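J.: I'd like to ask some things about the structure below.
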DNA sequence: AAAATATATTGAAATTTTTAAATGTATAAA
DNA sequence: TTTATACATTTAAAAATTTCAATATATTTT
């Protein structure tokens, strides 16, 4: 993993709303209802959408549509590599 | 460790220049000669100073002056807590 | 196929971050 | 104690990020 990706992942983790979204995902078995997330975070729907996109683009989470809603899962490989690289910076 | 500090540390790690500074510190046993760092990163001296400050403020590194220059050391407690919190987000 | 529901994208404003010139402060050397 | 050297701070401009209204797209229901 290159330094550039370490930077990108750290950036994805550097916003409290995105951290809360990650927590919400985990608690909800990866299921995310956008409207519920809006209430929870007190953000407009496009903002939620934008934050989720950043998480996906960083590679930290995978996205797949189920019916009308989305499900997400941690990309454990990316996650573990990130930790490892930080430890041995 | 609160979510706010996770955010702050991630933010400190979310700039490639700061990551390079961290690497440079490690390679140099924590010793930093600012002018050398300027050359390495192709940044002006105040920028280096600013980036180092962000790292110190995040709690990731400790700063202590030796003679005219500065030495730094990783704050392992903060570092480890950060990792742990991320793992169990 | 039309209406309803859920998320994505675009565009623009507000905020934050990054950068460096100018200047200040502290230490070391002459 | 003057001069040189090294890092810090202030200030201001440039760049990037965050936010949301408006709009678009996709899916489900009727």
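Protein chains in written order, with the working numbering: chain A, 1 to 89; chain B, 1 to 89.
For glycine and all other residues, C-beta sits at the position ideal for the given N, C-alpha and C.
Predicted model only: the values in this text are computed from it and were never measured.
1. Measuring CA to CA, which of A:15, A:45, A:25, A:3 is closest to residue 18 of chain B?
2. Using a Cβ-Cβ distance under 8 Å, would residue 42 of chain B count as near chain A?
3. In this structure, how does DSSP classify residue 74 of chain A when only helix, strand and coil are distinguished?
4. Starting from the Cα of residue 65 of chain B, find the closest Cα among B:54, B:43, B:32, B:46 and give me that residue.
5. Determine the burial state of residue 10 of chain B: buried for a count of at least 16 other Cβ atoms within 10 Å of its Cβ, exposed for fewer.
6. According to the Cβ coordinates, are residue 83 of chain A and residue 83 of chain B closer than 8 Å?
7. Strictly under 8 Å for the Cβ-Cβ distance: is residue 26 of chain A near chain B by that measure?
8. Comparing alpha-carbon positions, which option in B:80, B:52, B:81, B:58 lies nearest residue 71 of chain B?
9. Name the DSSP beta bridge partners of residue 69 of chain B, please?
T.: According to the data block:
1. Comparing Cα-Cα distances from residue 18 of chain B to each of A:15, A:45, A:25, A:3, the minimum goes to A:3.
2. Among the residues facing chain A, residue 42 of chain B is not included, as its CB has no counterpart in that chain under 8 Å away.
3. In the three-state scheme derived from DSSP, where H, G and I count as helix and E and B as strand, residue 74 of chain A is classed as strand.
4. Taking the Cα of residue 65 of chain B as reference, the smallest distance to any Cα among B:54, B:43, B:32, B:46 is reached at B:32.
5. With 16 or more other CB atoms across the displayed protein chains lying within 10 angstroms of its CB, residue 10 of chain B is buried.
6. The Cβ-Cβ distance between residue 83 of chain A and residue 83 of chain B falls below 8 Å.
7. By this cut-off, residue 26 of chain A is an interface position.
8. Considering only alpha carbons, the answer is B:52.
9. For residue 69 of chain B, which the question treats as bridged, DSSP gives the partners B:66.
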